[in-house]
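Reading through the structure tokens given below for one structure.
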Amino acid sequence: MTFALREHTADIAVAAAADSLGGVFGAVADGMAAAMIDDDVPATGAQLTVSERAESREAALYDYLTRLLYERDVQGVLPVDNAATVDEPTGGGDWRVTASARGVPLDAVHARDLKAVTYSEMQLTPPGGPTHAEAGTPPDAVREHPDDWAAYVVFDV
Amino acid sequence: MSTFDADGHRLTEVEPDVWALADTGDESVPARVLANRSLLAQISTDNTLTQLRNVAGMPGAVAPALCMPDGHQGYGFPVGGVAAFDAEDGCISPGGVGFDINCGVRMLTTTLTYDDVKGREAALVDALYDAVPCGLGGGGVHDGTHADLDAALERGIDWCVEEGYAVPADRRHCEDEGQRLDADLDAVSKKARDRGASQMGSLGSGNHFLEVQRVTDVYDDDTAAAFGLAEDQVVVLIHCGSRGLGHQICSDYLRRIEQEHPDFLASLPNKDLAAAPAGSELAASYYGAMCAAINFAWVNRQLITHAVRETFADVFDAPDWEALGMDLLYDVSHNIAKRETHAVVETEDGYSLAGDGERVERELFVHRKGATRAFPAGHPEVPAAYREVGQPVIIPGSMGAGSYVLRGGSQSLGRTFGSTAHGAGRLMSRTQAKDEYQGGDVQDALEADDDIHVKAASGATIAEEAPGVYKDIDDVVDVSAGLGVGDPVVRTYPVCNVKG
Chain A
1 MTFALREHTA
11 DIAVAAAADS
21 LGGVFGAVAD
31 GMAAAMIDDD
41 VPATGAQLTV
51 SERAESREAA
61 LYDYLTRLLY
71 ERDVQGVLPV
81 DNAATVDEPT
91 GGGDWRVTAS
101 ARGVPLDAVH
111 ARDLKAVTYS
121 EMQLTPPGGP
131 THAEAGTPPD
141 AVREHPDDWA
151 AYVVFDV
Chain B
1 MSTFDADGHR
11 LTEVEPDVWA
21 LADTGDESVP
31 ARVLANRSLL
41 AQISTDNTLT
51 QLRNVAGMPG
61 AVAPALCMPD
71 GHQGYGFPVG
81 GVAAFDAEDG
91 CISPGGVGFD
101 INCGVRMLTT
111 TLTYDDVKGR
121 EAALVDALYD
131 AVPCGLGGGG
141 VHDGTHADLD
151 AALERGIDWC
161 VEEGYAVPAD
171 RRHCEDEGQR
181 LDADLDAVSK
191 KARDRGASQM
201 GSLGSGNHFL
211 EVQRVTDVYD
221 DDTAAAFGLA
231 EDQVVVLIHC
241 GSRGLGHQIC
251 SDYLRRIEQE
261 HPDFLASLPN
271 KDLAAAPAGS
281 ELAASYYGAM
291 CAAINFAWVN
301 RQLITHAVRE
311 TFADVFDAPD
321 WEALGMDLLY
331 DVSHNIAKRE
341 THAVVETEDG
351 YSLAGDGERV
361 ERELFVHRKG
371 ATRAFPAGHP
381 EVPAAYREVG
391 QPVIIPGSMG
401 AGSYVLRGGS
411 QSLGRTFGST
421 AHGAGRLMSR
431 TQAKDEYQGG
441 DVQDALEADD
451 DIHVKAASGA
461 TIAEEAPGVY
471 KDIDDVVDVS
481 AGLGVGDPVV
491 RTYPVCNVKG
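Going down the list, the sequences are from chains A and B.
Counting along the first sequence from 1, when you hit position 31 you're at 31 in full-length UniProt numbering, and nothing is skipped either side.
Counting along the second sequence from 1, when you hit position 220 you're at 220 in full-length UniProt numbering, and nothing is skipped either side.
See below:
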């Protein structure tokens with residue numbers, strides 16, 4: 001899985017790709033963490049786990065990332081080394097996200113606020129799209145293999 | 001008439017510095033950009049004009065949809081966007097208000113002059129940095145319980161007065177006297193409360209700052225006197241919002257709109273504009289939650305004000321802050337939607353601010369997203385202290401360019417629903433800024449060349465907020481003044497700046 005920070009006039013965007021839907025969720029979350037810190041991340045912090053349910057893939061991604069910002073503010077930790085699995089709904093139910101991260105205490109880093117996840121220009125594209133060598137559109141710019149999932153999320157700074 | 005073409009958009013200058021966006025048939029109301037040609041060229045480099053066009057296509061919009069001269073791309077609404085929707089037949093848009101509900105700025109006066117501060121800038125900026133939590137973590141000025149938080153959400157500055165963080169005069173110098181009576185605690189989620197409880201009195205990051213400034217130019221002696229401002233005077237600017245509490249409220253309601261009003265959402269030009277139909281239960285609930293967040297943001301800025309006052313008293317060996325004359329000049333909001341009554345003309349399609357027909361009073365949800373209310377002299381909602389001269393309007397610039405205090409202009413109600421710009425407006429992305437600037441270099445240059453002392457939690461933030469990433473604030477203010485929506489009173493220049 002991989003991510004890159006992308007330009008946005010006042011805010012910041014994360015483009016990410018991975019070989020699974022859960023992988024791309026985790027990659028976006030790692031990009032979100034990277035947008036909050038420029039220094040090396042210390043190898044400290046305890047594991048935190050979260051789970052979310054939502055009615056669509058995009059809503060599941062939105063709720064998952066928003067939940068990480070909530071945990072950041074309430075627990076006082078920066079969630080890094082994110083990993084997620086996403087289960088498709090069966091029989092008309094919700095998409096389910098189960099995720100873990102390492103919560104680095106905020107007092108151990110110089111971190112900047114990132115306010116919120118937005119739906120602005122959000123893209124979550126399944127395998128089959130062009131790779132970065134074939135297209136320059138934001139979500140595909142980091143897709144290395146045609147079988148990767150790709151995502152593009154703008155965050156409010 | 002002069003025209004301007006940009007990436008599929010044609011604009012026509014219908015009067016000096018007023019540009020009409022060509023109608024494509026998707027708009028409900030006309031869209032206007034207030035800018036000179038130079039600012040328009042900058043505004044048109046990103047998606048600002050598309051976003052303005054989308055806003056003009058929202059249901060119940062009252063003509064026109066506007067972009068202020070400091071406009072730039074946001075999400076949903078452009079930053080610098082002003083749009084009004086009928087409170088009966090229109091909508092209210094959490095996407096339009098944005099995440100940082102009641103992000104705003106306030107100015108404190110002092111009796112100090114620049115000579116009093118010169119030579120003590122380093123001590124002052126260090127002391128302010130230590131006193132005011134900024135960046136991520138670090139808590140707030142008030143270590144609050146959930147009961148404190150609820151009181152703040154409900155009562156705003158009133159709670160601060162009771163707790164000793166404010167004096168009654170602060171309340172009188174704040175929009176709505178620092179309390180939105182429509183706040184509804186039941187509409188605020190537990191998650192939002194959890195996030196707000198540990199952030200009562202904290203600056204945050206991004207473009208938020210605390211800045212000590214000196215008045216360098218006075219353009220209107222009488223109004224400056226009414227505002228308590230004079231040349232060479234030291235003042236303090238505080239810019240921040242409702243922190244995680246407001247961010248969570250916006251996120252909560254974006255999702256609720258998606259779940260509870262999918263058809264209405266689908267009818268909007270863009271999902272980012274998520275709105276609840278006027279009159280719906282969700283619209284009422286959002287309005288109550290937003291008002292609670294507005295109260296929280298006022299409390300947040302007031303708690304920082306308290307810390308700043310105490311710090312000044314310490315640094316300048318004063319018996320107390322009152323001895324330094326640290327009064328609140330005014331507190332303005334940038335990201336809000338508000339029920340306001342405006343005189344509009346009924347048209348075939350709804351209502352319009354422009355036109356020669358008979359005017360009727362309509363209650364509107366006026367959305368100001370990165371825009372400032374700028375009510376003129378005589379308006380009953382301008383605090384009594386300023387009613388004869390007009391509402392103070394504070395326009396912060398970059399940390400190298402200074403800021404302005406305006407007064408609400410005589411044309412503001414008829415042109416912009418009583419609004420003007422909120423700052424210089426970004427010109428460059430944050431990633432590009434970090435490529436072009438090094439935080440340490442910017443910090444050193446500001447101190448060596450301009451005698452501006454900057455302290456920040458993150459060097460990257462200094463780079464992202466370098467003076468060169470913003471538009472020319474003089475241009476922004478010139479347009480505002482030329483159109484009569486905000487008249488310059490004084491200009492200020494930075495002395496010390498604290499950033500998150």
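Note that CB positions come from ideal geometry on N, CA and C, so glycine has one too.
Thinking just about the alpha-carbon of each residue, which of the options is nearest to the one in residue i?
i: Asp63 (chain A); options: A:Ala33, A:Ala35, A:Thr98; result: A:Thr98
i: Ala6 (chain B); options: B:Leu40, B:Asn36, B:Lys338, B:Asp26; result: B:Leu40
i: Asp8 (chain B); options: B:Leu34, B:Tyr219, B:Met1, B:Asp46; result: First, the residue type needs correcting, since residue 8 (chain B) is Gly and not Asp in the sequence shown. For Gly8 (chain B), the nearest C-alpha among the options comes from B:Asp46.
i: Ala183 (chain B); options: B:Ala292, B:Asp176, B:Pro392, B:Thr110; result: B:Ala292
i: Thr66 (chain A); options: A:Ile12, A:Ser20, A:Gly93, A:Met32; result: A:Met32
i: Phe99 (chain B); options: B:Val442, B:Val82, B:Asp272; result: B:Asp272
i: Asp252 (chain B); options: B:Leu303, B:Gly204, B:Arg195; result: B:Arg195
i: Ala22 (chain B); options: B:Gln42, B:Ala56, B:Arg193; result: B:Ala56
i: Pro380 (chain B); options: B:Ala278, B:Pro16, B:Gly418; result: B:Gly418
i: Lys369 (chain B); options: B:Thr3, B:Asp232, B:Ala84; result: B:Ala84
i: Thr341 (chain B); options: B:Leu413, B:Leu11, B:Pro319, B:Leu185; result: B:Leu413
i: Val469 (chain B); options: B:Gln42, B:Thr12, B:Tyr75, B:Val29; result: B:Gln42
i: Gln47 (chain A); options: A:Arg53, A:Ser56, A:His110, A:Gln75; result: A:Gln75
i: Thr90 (chain A); options: A:Ser56, A:Glu121, A:Val28; result: A:Ser56
i: Asp148 (chain A); options: A:Gly23, A:Glu7, A:His8, A:Thr9; result: A:Gly23
i: Glu58 (chain A); options: A:Gly128, A:Leu106, A:Trp95, A:Ser20; result: A:Trp95
i: Ala371 (chain B); options: B:Ala354, B:Ala401, B:Ala337, B:Tyr386; result: B:Ala337
Can you tell me whether residue i is buried or exposed? The criterion is at least 16 other CB atoms within 10 Å of its CB, across all chains shown.
i: His422 (chain B); result: buried
i: Arg339 (chain B); result: exposed
i: Val14 (chain B); result: exposed
i: Ala384 (chain B); result: exposed
i: Leu68 (chain A); result: buried
i: Ala145 (chain A); result: The question names Ala, yet the displayed sequence has His at residue 145 (chain A). That one is exposed.
i: Gln259 (chain B); result: exposed
i: Lys190 (chain B); result: exposed
i: Val360 (chain B); result: exposed
i: residue 530 (chain B); result: Residue 530 (chain B) is absent from the structure shown; chain B starts at 1 and stops at 500.
i: Pro78 (chain B); result: buried
Residue i lies in the alpha helix (DSSP H); which residues open and close that run?
i: Met290 (chain B); result: 281-315
i: Glu58 (chain A); result: 57-71
i: Gly96 (chain B); result: 94-97
i: Val477 (chain B); result: 473-482
i: Tyr114 (chain B); result: 114-117
i: Trp159 (chain B); result: 157-163
i: His247 (chain B); result: 243-260
i: Gln42 (chain B); result: 37-43
i: Ile238 (chain B); result: Not the alpha helix (DSSP H): Ile238 (chain B) falls in the beta strand (DSSP E), residues 233-240.
On the premise that residue j lies in contact with residue i, defined as a C-beta separation below 8 Å, what is that separation, rounded to the nearest angstrom?
i: Thr311 (chain B); j: Ala166 (chain B); result: Not a contact, Cβ separation roughly 16 Å.
i: Leu328 (chain B); j: Ala169 (chain B); result: 7 Å
i: Ala61 (chain B); j: Gly90 (chain B); result: 7 Å
i: Val236 (chain B); j: Val212 (chain B); result: 6 Å
i: Pro133 (chain B); j: Gly206 (chain B); result: Going by Cβ atoms, the distance from Pro133 (chain B) to Gly206 (chain B) rounds to 15 Å, so no, they are not a contact pair.
i: Val332 (chain B); j: Val105 (chain B); result: 6 Å
i: Val479 (chain B); j: Asn36 (chain B); result: 6 Å
i: His261 (chain B); j: Leu282 (chain B); result: 7 Å
i: Val495 (chain B); j: Ile462 (chain B); result: Not a contact, Cβ separation roughly 16 Å.
i: Val154 (chain A); j: Ser120 (chain A); result: 5 Å
Just to make sure I have the definition right: I need the residues of chain B whose C-beta is within less than 7 Å of the C-beta of residue i. Which are they?
i: Ser120 (chain A); result: Tyr75, Gly76, Asp272
i: His8 (chain A); result: Ser429
i: Thr66 (chain A); result: Ser251
i: Gly76 (chain A); result: Gly137
Got a sec: does the ligand HEM put a non-hydrogen atom nearer than 8 Å to the Cβ of residue i?
i: Arg53 (chain A); result: For the ligand HEM, the structure offers nothing, since it holds no ligand at all.
Starting from residue i, trace the beta strand (DSSP E) in both directions and tell me its first and last residue.
i: Ile37 (chain A); result: Run containing Ile37 (chain A): none; DSSP gives neither H nor E here.
i: Thr341 (chain B); result: 335-346
i: Ala151 (chain A); result: 149-156
i: Pro488 (chain B); result: 486-499
i: Lys115 (chain A); result: Segment: none, Lys115 (chain A) is in no beta strand (DSSP E) and carries neither H nor E.
i: Asp450 (chain B); result: Looking at the DSSP string, Asp450 (chain B) is not in any beta strand (DSSP E); the run it does join, the alpha helix (DSSP H), is 439-450.
i: Tyr404 (chain B); result: 403-408
So which residues on chain A does residue i lean against when the C-beta distance must stay under 8 Å?
i: Cys250 (chain B); result: Ala116
i: Ile461 (chain B); result: It should be noted that the sequence gives Thr, not Ile, for residue 461 (chain B). Those within 8 Å of Thr461 (chain B) in chain A are Arg112.
i: His142 (chain B); result: Within 8 Å Cβ-Cβ: nothing; His142 (chain B) doesn't reach chain A, min ~16 Å.
In chain B, what lies closer than 9 Å to residue i by C-beta?
i: Glu55 (chain A); result: Glu258, Gln259
Give the interface partners of residue i over in chain A, defined as CB-CB distance under 9 Å, in chain order.
i: Ala457 (chain B); result: His110, Ala111, Arg112
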